[in-house]
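*Asks:* Okay, handing you the structure first.
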Amino acid sequence: MNIVIADDSQFMRVLLKNIVHEAWPEAKIYEAATGQETIDQYKANHPDVILLDIMMPDKTGIDVLKEIGMQVPILVISAAGQEQIIEEAKALGARDFIVKPFDGQKVLETIQKILGSA
Amino acid sequence: MTIDPQLLNDIARRATKSSSRALSLLIGQEVAIKTTQATYLSLDKLVDLIRSREGSHVVAFSQLISGVKGAALLLMSPTDALHLVDSLMKRPMGTTKELGDIERSAIRETLNILSNSQLTALAQDLGVTINMLPPELISPEHIAHVLDYLAAHRGETTEIIVFETSMVVAAQESQVTMFIAFDAELAGIINSKEG
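The listed protein sequences correspond, in order, to chains S and R.
Residue 1 is where the first sequence starts when you use this note's numbering, and the numbers rise one by one after that.
Residue 119 is where the second sequence starts when you use this note's numbering, and the numbers rise one by one after that.
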């Protein structure tokens, strides 16, 4: 399984990487700290799912969704939990939206649900 | 523009509950709200208010860029910052001795999560979506410069609305204080919802 973890926060990328690795030790995890890096990682590594933050430098998560939201399963994980943002993300193709701070188990269950329906 | 102080504080209290719940979930420990208040004051007074928080040296800062303009700041003492990082990184208390890259990232993310939780609560209350930039860490002596910059890019009003929240992590006896300063246009939004 290939996963891209896209968040400008190094702390958050480490947190999510640990959560994913505990459940899927064999998973290949690629990191992105900006919107453009997310798109580059998508093109280079064809992930099964992208964990995507919203507020990132250069391109935001919404910009990323506009470019690739319909092409790859994306789970948005963001502190920006206002209803308008969630609706916009889902309209652009996000399979689900988890508001930070999150429960690690919920992240895993949501990833499994997304992969199961892919 | 005037606003009912009781109304303002009611709104701030709901927003504050949201951020204290967020901090509790983030660090996996009980968090108590020590102070919550909302006031109408000038930027100069805000700088004085922040400076009066003695011992607060670690400062995370973010700009509110749409919906309502403003800024969010997270203040804590160096000791409390190290304790907070221990909790965030699930390390035994006392492990973290200095703030390296990932530790600073953890503090920035804490402001991101706590302030966004308040903004989400406000959005539910008032129907306004407020976006903010990713936080940065700044030194306390730069607070005035940052706020001066914001003042120069504001409208004509000289007053701002400030939500102040102090939270205590009981197990550590450590405290974090968050200020969210909103441009006075928030008063218009509140009044129009209540009118």
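For glycine and all other residues, C-beta sits at the position ideal for the given N, C-alpha and C.
Note that the coordinates shown come from a computational prediction; the quantities given were computed from them, not determined experimentally.
Looking at the unbroken beta strand (DSSP E) that takes in S170 (chain R), where does it start and where does it end?
*Replies:* Run containing S170 (chain R): none; DSSP gives neither H nor E here.
*Asks:* 8 angstroms is my cut-off, CB to CB: does E303 (chain R) come that close to chain S?
*Replies:* It does not; no Cβ of chain S falls within 8 angstroms.
*Asks:* Please confirm whether A6 (chain S) has its beta-carbon closer than 8 angstroms to some beta-carbon of chain R.
*Replies:* A6 (chain S) does not count as touching chain R.
*Asks:* Are the C-beta of E83 (chain S) and some C-beta of chain R separated by less than 8 angstroms?
*Replies:* So yes, E83 (chain S) belongs to the interface.
*Asks:* May I ask which residues mark the beginning and end of the beta strand (DSSP E) holding D40 (chain S)?
*Replies:* Element bounds for D40 (chain S): not the beta strand (DSSP E) but the alpha helix (DSSP H), G35 to N45.
*Asks:* Taking CB distances under 8 angstroms as the criterion, tell me whether I308 (chain R) reaches chain S.
*Replies:* Not an interface residue.
*Asks:* Does chain S have any CB closer than 8 angstroms to the CB of E277 (chain R)?
*Replies:* No, because no Cβ of chain S sits closer than 8 angstroms to the Cβ of E277 (chain R).
*Asks:* Name the chain R residues that come within less than 8 angstroms of P57 (chain S), Cβ to Cβ?
*Replies:* Within 8 angstroms Cβ-Cβ: P252.
*Asks:* From T295 (chain R) to A224 (chain R), what does the alpha carbon distance come to, in whole angstroms?
*Replies:* Their backbone Cα atoms lie some 16 angstroms apart in a straight line.
*Asks:* Cβ closer than 7 angstroms: which chain R residues qualify as neighbours of V14 (chain S)?
*Replies:* Within chain R, the residues near V14 (chain S) are I220.
*Asks:* Apart from the five residues just before and just after A262 (chain R), which ones in its own chain have a Cβ nearer than 8 angstroms to its Cβ?
*Replies:* Contacts found: V165.
*Asks:* What distance in whole Å lies between the Cβ atoms of S136 (chain R) and A239 (chain R), which are believed to be in contact at a cut-off of 8 angstroms?
*Replies:* About 4 angstroms; that satisfies the 8 angstroms criterion.
*Asks:* Chain S partners of T93 (chain R), CB-CB under 7 angstroms?
*Replies:* What is shown of chain R runs 119 to 313, which leaves residue 93 (chain R) out entirely.
*Asks:* Is the CB of I11 (chain S) under 8 angstroms away from at least one CB in chain R?
*Replies:* Checking the displayed sequence, the identity of residue 11 (chain S) turns out to be Phe instead of Ile. Yes, its Cβ sits closer than 8 angstroms to a Cβ of chain R.
*Asks:* Can you give the Cα-Cα distance for L265 (chain R) and A299 (chain R), rounded to whole angstroms?
*Replies:* When rounded, the distance between both Cα atoms is 10 angstroms.
*Asks:* When you compare the CB positions of F97 (chain S) and A91 (chain S), do they come within less than 8 angstroms of one another, or not?
*Replies:* No, the Cβ-Cβ distance between F97 (chain S) and A91 (chain S) is not below 8 angstroms.
*Asks:* Any idea if G116 (chain S) is buried or exposed, counting beta-carbon neighbours within 10 angstroms, 16 or more meaning buried?
*Replies:* When all chains shown are included, G116 (chain S) counts as exposed.
*Asks:* By how many angstroms is the C-alpha of G212 (chain R) removed from the C-alpha of E31 (chain S)?
*Replies:* So the two alpha carbons sit approximately 30 angstroms from each other.
*Asks:* Starting from the N-terminal side, write out each stretch of the alpha helix (DSSP H) that is 4 residues or longer and does not extend beyond the stretch 50–106 of chain S.
*Replies:* Counting whole runs of 4 or more residues, the stretch 50–106 of chain S contains the alpha helix (DSSP H) stretches 61–68 and 83–91.
*Asks:* Are the stretch 242–254 of chain R and the stretch 154–170 of chain R touching, with three or more C-beta to C-beta distances below 8 angstroms?
*Replies:* No, the stretch 242–254 of chain R does not touch the stretch 154–170 of chain R.
*Asks:* For the stretch 136–158 of chain R, which residues have a beta carbon sitting closer than 7 angstroms to at least one beta carbon of chain S?
*Replies:* Cβ contacts with chain S: A140, L143 and L144.
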